[in-house]
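The block underneath contains the structure these notes are about, expressed in structure tokens.
Pasting the structure below:
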């Protein structure tokens with residue numbers, strides 16, 4: 012007969028998932044804000060990895076402060092995207108929050124972190140595939156649709172299920 016695991020052993024045996032939190036900011040014309048990371052070729056949405064013992068919402072707040080220099084209160088959750096493992100990466104969850112419209116004073120307060128970001132640009136939703144990797148572009152498009160309809164969407168590999 013197999014010995015029962017202690018609660019601590021059981022906890023340690025559970026799988027670990029990567030968690031990221033991103034934010035969709037818009038301009039008054041409905042274009043989405045993309046940022047240009049200095050450490051990779053393709054663009055991203057603002058956000059990043061959620062740290063240990065940090066909620067996705069708190070991670071989004073921290074990342075926006077670090078990357079854009081903005082004190083910001085997240086809007087509603089637009090979507091969660093599950094991605095299975097791939098070579099060298101574990102499975103992960105990406106949360107996307109609504110950042111609302113960045114214009115006027117809010118936009119003027121943006122200060123890019125030069126160690127991470129080389130630039131930013133508002134891009135029409137129909138053109139995000141020109142700047143983003145496919146998996147992120149599909150996620151952004153689905154979350155924009157969810158925002159337009161007042162919904163939150165659950166995705167697997169960027170596809171609503």
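Residue numbers (the working numbering): 12 to 172.
Beta carbons: idealized from backbone N, C-alpha and C, even for Gly.
If you're wondering where the values come from, they're calculated on a predicted model, not measured in any experiment.
So what's residue i in DSSP terms, helix, strand or just coil?
| i | result |
| --- | --- |
| residue 162 | coil |
| residue 94 | strand |
| residue 109 | strand |
| residue 70 | helix |
| residue 157 | helix |
| residue 102 | coil |
| residue 84 | coil |
| residue 62 | coil |
| residue 53 | coil |
| residue 40 | coil |
Can you name, in chain order, every residue of its own chain whose Cβ lies under 8 Å from the Cβ of residue i, other than the five neighbours on each side?
| i | result |
| --- | --- |
| residue 111 | 36, 37, 86 |
| residue 117 | 81 |
Taking Cβ positions only, does residue i come closer than 7 Å to chain B?
| i | result |
| --- | --- |
| residue 67 | In summary, chain B is missing from the structure at hand, where a single protein chain is found. |
Here's a check: name, in chain order, each residue in its chain whose Cβ is nearer than 6 Å to the Cβ of residue i, leaving out the five neighbours to either side.
| i | result |
| --- | --- |
| residue 164 | 90, 153, 157, 171 |
| residue 60 | 31 |
| residue 167 | 93 |
| residue 29 | 101, 103 |
| residue 15 | none |
| residue 68 | 85 |
Going by beta carbon distance, what residues of the same chain come within less than 7 Å of residue i, once the five residues before and after it are set aside?
| i | result |
| --- | --- |
| residue 70 | 32, 61, 62 |
| residue 169 | 92, 146, 149, 150, 153 |
Throw me the rounded Cβ distance for the residue i and residue j pair, which I believe falls under 8 Å.
| i | j | result |
| --- | --- | --- |
| residue 26 | residue 44 | The pair is not a contact, with the Cβ atoms about 33 Å apart (cut-off 8 Å). |
Item to check | Touch test, the region 88–97 against the region 48–65, Cβ-Cβ under 8 Å, three pairs minimum | outcome: At 8 Å Cβ cutoff, the stretches do not touch.
Next on the checklist: Within 8 Å, do at least three Cβ pairs link the region 74–85 to the region 140–149?
Outcome noted: no
Checklist entry - Whole beta strand (DSSP E) runs in the region 114–155 with 3 or more residues, listed along the chain? => result Segments of the beta strand (DSSP E) lying fully in the region 114–155: 128–134.
Item to check | Continuous beta strand (DSSP E) assignments of at least 3 residues falling wholly in the region 12–37 | outcome: 29–37
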